[in-house]
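2 protein chains.
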Amino acid sequence: MELSERKKKVLRSVVDLYIRTAEPVGSKAVCELPDMKFSSATIRNEMAALTELGYLEQPHTSAGRIPSAAGYRLYVDELMADHRLSLEETKSINSAIEDKMQRLDRMMEKVAKLVSQATDLPAISVTSRQSGTTVKRYDLIQTGPTGVILVMMLSTDEVVNKLMRLPVDATDTDLKLLSAVLNAAMTGIGAEGFTSELLEKVMSSAGAAAMLVPVIVDFATETLRRQGHTDMAIAGQARLLGLPEYRDVDKAQKVLTSFDSDALSNLPAVMQNENGTKVLVGPENVAQELKDTSVVMTKFDIGDGLQGMIGVVGPTRMDYAKVTARLSYFAESLSKIFNKPEQPQLPDGDPVGEGLDPPSIQEN
Amino acid sequence: MELSERKKKVLRSVVDLYIRTAEPVGSKAVCELPDMKFSSATIRNEMAALTELGYLEQPHTSAGRIPSAAGYRLYVDELMADHRLSLEETKSINSAIEDKMQRLDRMMEKVAKLVSQATDLPAISVTSRQSGTTVKRYDLIQTGPTGVILVMMLSTDEVVNKLMRLPVDATDTDLKLLSAVLNAAMTGIGAEGFTSELLEKVMSSAGAAAMLVPVIVDFATETLRRQGHTDMAIAGQARLLGLPEYRDVDKAQKVLTSFDSDALSNLPAVMQNENGTKVLVGPENVAQELKDTSVVMTKFDIGDGLQGMIGVVGPTRMDYAKVTARLSYFAESLSKIFNKPEQPQLPDGDPVGEGLDPPSIQEN
DNA sequence: CTTTAGCACTCGATACCTTTGAGTGCTAAG
DNA sequence: CTTAGCACTCAAAGGTATCGAGTGCTAAAG
């Protein structure tokens with residue numbers, strides 16, 4: 040059943056006001072809004088109806104109304120105005136992302152900080168990698184009589200290295216042999232492929248530098264295993280305490296504690312089949328600790344099988360329009376940067392992420 | 040002037056009780072302690088004297104006493120019992136540090152988490168590197184027609200790499216030439232040494248792969264600059280909210296916010312000339328935000344010009360004995376691990392870090 | 001039929017007051 | 001020097017009255 044235009048307008052007003060004030064909204068406040076042409080009594084009737092329909096709730100008889108989860112859903116899906124970013128906002132976001140950073144995890148830490156700043160809420164950034172990474176290529180570089188650097192190039196084109204010491208002298212030829220063996224036998228297989236049989240086989244044909252093989256296999260296994268891993272950074276936790284709903288220390292503590300625990304580690308799973316921005320409202324959320332708390336997450340593509348996500352955690356009352364707008368913009372900027380890896384380039388003036396899917400919302 | 044034995048005993052009792060209960064300590068509570076053989080009236084007199092001397096304070100007339108900053112100092116310096124770790128405690132610390140981890144920063148993140156767990160307080164881990172790092176050696180590895188991996192070995196023996204793309208085909212010989220030039224001209228100099236004259240000089244003699252030089256110089260500069268940098272991880276922020284003194288959200292927020300800002304970035308400077316454990320008590324602390332808050336930090340050596348620190352942040356009332364004991368033990372274990380880089384090995388059963396300097400304290 | 005003004009009612013929030021009790025300092029006796 | 005006793009202080013806790021925002025309902029007006 041479709042709501043009347045007027046009901047929608049009232050509902051939107053209530054949500055907007057509640058987002059701004061964090062306090063139950065009364066009929067008077069609504070009817071005093073600039074473009075509301077009805078008296079408080081009429082509004083009262085509409086609000087009573089909306090309460091009946093389950094879009095609003097009443098904390099107690101003589102208080103105003105607050106939006107229910109269903110009310111938020113309707114708001115996010117249909118009613119909220121899309122919040123265009125001002126020029127200054129896009130500028131400050133861009134210049135923040137601009138400094139090219141070298142290491143992905145450092146960068147994502149920084150991004151979390153920026154998102155937190157932009158939204159005034161705690162922010163999360165996640166990178167997760169599909170498993171199935173393999174080593175594409177091994178190189179060994181000799182440094183001094185017993186020093187050897189192992190350089191591995193992964194199937195994701197990421198390059199990792201490790202410095203090793205060799206107890207006996209090894210010639211350049213020994214190392215060339217070893218790397219040839221490694222490249223022949225140990226490329227294109229995942230972490231689970233490094234069996235002890237393989238290890239033995241490689242060692243037997245590896246010549247003088249064979250004692251390096253276990254170290255290499257260890258390192259490779261560990262590296263590949265880590266590749267399937269998710270990596271998460273959180274910033275701006277303190278901002279939570281600035282919000283009226285978390286003046287109650289116990290509530291705040293529950294939420295903050297859930298950051299430290301791995302309550303959020305199933306976020307990637309939840310987002311797996313989603314695209315664009317997803318709003319998780321209220322109870323039965325990713326983590327049970329987060330009643331009254333919503334999570335807004337946006338996925339973006341890093342390339343190379345890497346999956347990036349940024350998001351914020353805040354009260355269900357948060358300003359969804361602003362938050363989703365900023366997240367989308369961040370995500371889009373980041374996507375652009377990652378797709379031109381060598382010369383990070385700013386996305387230009389276009390202020391809103393038009394290419395993204397509309398936000399979807401999940402509730403209950 | 041030296042305090043009488045009895046005064047010391049009373050002072051110790053007051054601090055101990057206050058640490059346990061977080062509430063002003065009355066004469067009755069003190070005289071009910073097992074080995075206190077005087078009546079509450081006597082204790083009252085002693086406490087009045089200690090207040091006179093500035094070691095105790097009275098929040099208001101009819102409340103008990105709490106230790107002043109001076110009181111804490113005396114306590115930490117002379118009075119506190121050294122808290123020996125139980126076997127389980129050492130075991131759990133060891134097994135936690137045990138999993139060898141590859142990347143230093145990841146490891147320090149993990150360590151912060153562990154310290155936080157062990158002390159039930161927010162924990163900080165810092166690694167800082169003296170500047171003055173240089174590149175010791177360059178290697179170029181060709182991967183496919185246009186792919187090149189740059190591997191740099193730093194004077195700290197750390198190895199970093201970067202994947203680059205070359206717009207034109209380059210032969211193995213071109214790369215050999217380039218790396219020879221790099222090794223000849225660009226080793227042993229710091230970030231400030233990479234001038235544009237040097238860049239030009241190197242480019243002119245670099246042959247076919249010369250266009251890589253600016254990218255390499257950029258990367259090297261950035262890397263070296265980062266080397267002088269401090270790196271910090273914080274864990275367990277939520278634990279702060281569990282403490283009675285931070286039920287006041289505003290206080291808690293101030294402290295937590297100071298984590299996000301760089302208020303703590305001068306910690307390394309403060310610790311520069313200190314060894315062992317340092318206790319920073321109360322106001323005029325590292326960060327002004329941290330009134331009522333103390334920081335306990337322990338330095339340890341990572342080697343290779345790297346400096347490690349772990350510490351906790353908590354109320355001035357924190358259990359110094361326990362905290363310093365655990366920090367020392369952690370620090371010692373970490374030192375041992377870092378000094379046997381290839382096969383991390385557990386420190387064995389010796390429960391307390393006897394080799395460390397006695398804790399020093401700074402106040403005001 | 002819709003809108004609006006009026007009004008009695010509800011109930012959390014606030015302010016004010018009282019009570020309670022832990023803790024003190026002082027005095028005087030042991 | 002130590003201790004029991006006692007009057008005094010003052011924050012914390014609890015109880016009561018008041019206030020007012022907001023409601024639902026009714027009846028009149030459009």
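Residue numbers (my numbering), protein chains in the order written: chain D, 40 to 403; chain X, 40 to 403.
For glycine and all other residues, C-beta sits at the position ideal for the given N, C-alpha and C.
- A residue is called buried when at least 16 other Cβ atoms come within 10 angstroms of its Cβ; Val207 of chain D does not meet this threshold and is exposed.
- The alpha-carbon separation between Leu160 of chain D and Thr212 of chain X amounts to approximately 54 Å.
- Against Met192 of chain D, the close residues of chain X are Ile180, Thr182, Gly186, Ile188, Leu202, in the order they occur along the chain (beta-carbon pairs closer than 9 Å).
- Assignment of Ala162 of chain X by DSSP, reduced to helix, strand and coil, places it in the strand class.
- Here Val207 of chain D carries a coil assignment [DSSP, helix/strand/coil].
- Below 8 Å, too few C-beta pairs join the region 301 to 321 of chain D and the region 92 to 103 of chain D to call them touching: fewer than three.
- Sequence-distant Cβ neighbours of Leu295 of chain D in its own chain, meaning closer than 7 Å and more than five residues away, are Gln276, Leu279.
- Between Leu345 of chain D and the set D:Glu197, D:Leu306, D:Arg45, the nearest pair of CA atoms involves D:Glu197.
- Within a 10 Å sphere around the beta-carbon of Pro106 of chain X sit 16 or more other beta-carbons, which makes this residue buried.
- Excluding the 5 residues flanking it on each side, Asn378 of chain D has same chain C-beta neighbours closer than 7 Å at Gly342, in chain order.
- Counted as a single uninterrupted DSSP element, the beta strand (DSSP E) harbouring Met336 of chain X occupies residues 332 to 342.
- Counting C-beta atoms within 10 angstroms of its own C-beta, Lys48 of chain X has 16 or more neighbours from the protein chains shown and is therefore classed as buried.
- According to DSSP, Tyr177 of chain X shares a beta bridge with X:Met191.
- Residue pairing by DSSP places Gln346 of chain X opposite X:Ser167, X:Asp340 in a beta bridge.
- Distance between Ser79 of chain X and Glu85 of chain X, taken at the CA atoms: about 10 Å.
- By the CB criterion at 8 Å, Val309 of chain X and Thr332 of chain X fall outside the cutoff.
- Excluding five sequence positions before and after Gly227 of chain X, the CB atoms of its chain that fall closer than 6 Å to its own CB belong to Thr173, given in chain order.
- Distance from the CA atom of Ile180 of chain D to the CA atom of Ala247 of chain D, rounded to whole angstroms, is 15 Å.
- For Lys317 of chain X, the three-state secondary structure derived from DSSP is strand.
- By the rule that beta-carbons nearer than 8 Å mark a contact, Ala291 of chain X touches chain D.
- For Ile228 of chain D, there is no enclosing beta strand (DSSP E), as DSSP marks it with neither H nor E.
- For Asn312 of chain D, the number of other beta carbons within 10 angstroms of its own is below 16, and it is reported as exposed.
- With a threshold of 16 other beta carbon atoms within 10 Å, Ala120 of chain X falls short and is exposed.
- Shortest Cα-Cα distance from Lys175 of chain D to any of D:Arg365, D:Phe339, D:Thr81, D:Ser194 involves D:Ser194.
- The DSSP-derived three-state label of Glu127 of chain X is helix.
- Sequence-distant Cβ neighbours of Gly65 of chain D in its own chain, meaning closer than 7 Å and more than five residues away, are Gly103.
- Taking all protein chains in view, the Cβ of Arg168 of chain X is crowded by 16 or more other Cβ atoms within 10 Å, so the residue is classified as buried.
- For Phe298 of chain X, the C-beta contacts it makes with chain D under 9 Å involve Gln276, Ala277, in order along the chain.
- One Cα belongs to Glu284 of chain D, the other to Lys293 of chain D, and the distance between them is close to 13 Å.
- Taking C-beta atoms under 8 Å as the contact rule, Met75 of chain X and Ser52 of chain X qualify, at a distance of about 7 Å.
- For Lys215 of chain D, the secondary structure class from DSSP, reduced to helix, strand or coil, is helix.
- Secondary structure note for Ala68 of chain X: it is in no beta strand (DSSP E), and the uninterrupted alpha helix (DSSP H) holding it is 66 to 70.
- For Ala162 of chain D, same chain residues with a beta-carbon under 6 Å away, outside a window of 5 residues either side, are Ala151, Val154, Ser155, Ala274, Gly275, Val351 in chain order.
- The CB of Asp196 of chain X comes closer than 7 Å to the CB of Leu202 in chain D, given here in chain order.
- The secondary-structure analysis by DSSP pairs Ala87 of chain X with nothing; it has no beta-bridge partner.
- In terms of CA proximity to Asp144 of chain X, X:Thr269 leads the group X:Phe339, X:Lys46, X:Leu366, X:Thr269.
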